[in-house]
Amino acid sequence: MSAHTESAATTPLLVAEGLTVLHGQLAALRDVSISVNAGEIFAVVGANGAGKSTLLRTLAGLHRPASGVVRVDGVDITTHATDQRVRQGVVLVPEGRRLFPSMTIEENLLVGAANGRRGEWNLDRVYDLFSWMRDRRKEKTSHLSGGEQQVVALGRALVANPRVLLLDEISLGLAPVIVQRIYQTLPSIAGGDMAVLVVEQDVTQAMRVAARFQCLLEGRTTLAGRPQDHTTEEIEAAYFGFGGLGSAAAS
Amino acid sequence: MNWINAIAQGLLLGGLYALFACGLSLLFGVVGIINLAHGDLAVLGGYVAVAILPSVHTNALWALLFVPPIFGAFGYVSQRTLLQRSLENGPLTTLLVTFGLSVVLQNALLEGFSADSHSLSIGKLATQALRINSQLSISYLRFGILVVAVVVLAGVQLLLARTSVGRQIRAVADDNEAAAISGVNTRHIAGIATGIAFVTVAIAGLANGMYSQFTPTSGSSLLLFAFEAVIIGGLGSLWGTLAGGCVLGLAGTIGAQIDSTMGTLIPHLVFLAVLAVRPSGFFPARAPA
């Protein structure tokens, strides 16, 4: 459980307690807890295989935890199906974007909007935010570049009016300049009551936007707090699981 | 029969094949089920009409009003119960389950209706034809079946392309998990798609019953033609399916024109030739768009 007494005034919007998730015999997550507040950008960092994606997929309802609880706004959603969670406002932008390749940009967004919550986000607002999309809305998404697809995937999640937006490795396979541009829009998206949970291998990128973070290693939480309260060495040590370069030299 | 007549009759017969193939194509493309009971379900549609019609009307055309809706509900329920469970155990299980369903249906129909052949009577319409010249006449029934096939295919196509339910069906067909992430209740949508497929198979079964006779075991050969139409046309393409049906129909009537004993063999040979030369069919598409 992360120490975040400083945010005691705001009740956390998304809470997971003691999540253990098994992939067959292998425990992908072991007793992981997380708590994200409304209006907050929260980063989960960790190396490949640390369990970050498993955590997000469990929160989205794609994996059933062996033990643990997931609550949104106090409501226990642990047993709810993925589409039910979308209606409750938990929306995932999956790793690898996973757009519907046979459909146009607009159709992808319409599918996202069809079962989502009602709210301030609609197709027009997404087109306003990413203006290139409006002119190309009739194009098949399979013809788009990786960065464009990522933005469409983000738009497809936004039109469901999430209360909790889960972003899984949105920088994967994209040019740094595009990643930067997507991250620059995050604060304006998150503004208000939306909680954004970002999963990243790219620590610097995630730390730049996140108010708080949590570091996973082999399915366990190794460090949690505010980025400014921890040195790069501490974060590195939590990320790689050794005492940083200094202690490695000493041993 | 002359050549022009053979071609005309072949194209008309293609409508019936396409009608059969439509539901098979939809169920495979969207839900991922290869439905080996497809032909038997069509035959079942005919028998439901045989059972209920006497208390409704003497003309079998009335069966079109109640058999397809019954099948739509039947399709939805069987997807949500039997088929969904088998899907969760992998594609091989669905093959076994639908094969089992086929055996159960055939034997239940044998038990209930005996092995005697039945047909659906539509009165004078069955024998009336538009006489174009001494060589060529077009049966109203056959022409009607082709029109119904085109309407059904166009209707399904429009539903998939233009409606919210249709988009969700395509989303499930594209990527089931991504659809769930986007809030689509994938099981409900798969149920609706199966319901639509069953409606088309009911219409096909009724058309077949008006066109020719059927017995509890005629489903197997219907299934074969439906499979061949889908594969010749290309998986996932509904208009391709119509083209595939017409190719089979033409092959049959032209084959019979060459040698009257070849009428049933030639379509299968054409199918094998297409499979060898162009295994993905003529109009392959992942999902209709």
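Chain order of the listed sequences is E and Y. The opening residue of the first sequence carries number 8 in the working numbering; numbering runs sequentially from there. The opening residue of the second sequence carries number 279 in the working numbering; numbering runs sequentially from there. Here a beta-carbon is modelled for each residue, glycine too, at the ideal position from N, C-alpha and C. Source: prediction; values computed, not measured.
- In this structure, residue 398 of chain Y sits near residue 487 of chain Y, with a CB-CB distance shorter than 8 Å.
- A direct Cα-Cα distance of roughly 11 Å separates residue 138 of chain E from residue 130 of chain E.
- Residue 188 of chain E and residue 182 of chain E have their C-alpha atoms spaced approximately 10 Å apart.
- Residue range 19-30 is occupied by the beta strand (DSSP E) that includes residue 30 of chain E, with no alpha helix (DSSP H) assigned at that position.
- Leaving aside the five residues that flank residue 334 of chain Y on each side, the residues in its chain whose CB is nearer than 7 Å to its CB run, in chain order, 340.
- The segment 233-243 of chain E and the segment 488-501 of chain Y do not touch, with fewer than three beta-carbon pairs separated by less than 8 Å.
- Judged by pairs of C-beta atoms under 8 Å, the segment 421-431 of chain Y does not touch the segment 462-476 of chain Y, as fewer than three such pairs exist.
- Burial state of residue 168 of chain E is buried, judged by a 10 Å Cβ sphere holding 16 or more other Cβ atoms.
- The beta carbon of residue 110 of chain E falls within 8 Å of a beta carbon belonging to chain Y, placing the residue at that interface.
- Listed as beta-bridge partners of residue 220 of chain E by DSSP are E/50 and E/232.
- The beta carbon of residue 364 of chain Y sits closer than 6 Å to the beta carbons of 371, 372 and 375 from its chain, once the five residues preceding and following it are set aside; these are given in chain order.
- In the DSSP assignment, residue 415 of chain Y forms a beta bridge with Y/409.
- Collapsing the DSSP output to three states places residue 543 of chain Y in a helix.
- Separation of the CB atoms of residue 59 of chain E and residue 216 of chain E is rounded to 16 Å, and the pair is thereby denied contact status at 8 Å.
- The beta carbon of residue 108 of chain E lies closer than 8 Å to those of 147, 148 and 149 in the same chain, with the five residues before and after it left out.
- Beta-bridge partners assigned by DSSP to residue 175 of chain E: E/206.
- The C-beta distance from residue 96 of chain E to residue 170 of chain E rounds to 3 Å, short enough to fall under 8 Å.
- With contact defined as three or more Cβ pairs closer than 8 Å, the segment 290-302 of chain Y and the segment 446-456 of chain Y are not in contact.
- With a threshold of 8 Å between beta carbons, residue 446 of chain Y makes contact with chain E.
- Shown here for residue 226 of chain E: same chain residues with a beta carbon closer than 6 Å to its own, the five before and five after excluded, namely 34, 35, 36, 37 and 58 in chain order.
- In this structure residue 127 of chain E is exposed. Its beta-carbon is surrounded by fewer than 16 other beta-carbon atoms within 10 angstroms.
- Between the beta-carbon of residue 419 of chain Y and that of residue 404 of chain Y there is about 6 Å, and that keeps the pair under the 8 Å contact cut.
- Residue pairing from DSSP places residue 396 of chain Y in a beta bridge opposite Y/492.
- Per DSSP, the beta-bridge partners of residue 227 of chain E are E/224.
- The continuous alpha helix (DSSP H) containing residue 115 of chain E extends over residues 112-121.
- Taking the beta carbon of residue 455 of chain Y as reference, the chain E residues within 9 Å of it are 69, 89, 101 and 105, listed in sequence order.
- Rounded to whole angstroms, the separation of the alpha carbons of residue 166 of chain E and residue 357 of chain Y is 30 Å.
- Closer than 8 Å to the CB of residue 394 of chain Y there is not a single CB belonging to chain E.
- Residue pairing of residue 43 of chain E in beta bridges, as defined by DSSP: E/21.
- Spatial neighbours of residue 46 of chain E in its own chain (CB-CB distance under 6 Å, excluding positions within 5 residues in sequence) are listed in chain order as 200.
- Per DSSP, reduced to three states, the secondary structure at residue 404 of chain Y is helical.
- Taking a Cβ-Cβ threshold of 9 Å, the residues of chain Y close to residue 117 of chain E are 442 and 445, in chain order.
- DSSP lists E/27 as the beta-bridge partner residues of residue 74 of chain E.
- Looking at E/53, E/56, E/68 and E/76, the one whose alpha-carbon comes closest to that of residue 26 of chain E is E/76.
- Assigned with DSSP and collapsed to three states, residue 37 of chain E falls in strand.
- Here the segment 48-58 of chain E makes no contact with the segment 80-90 of chain E; the two share fewer than three CB pairs at distances below 8 Å.
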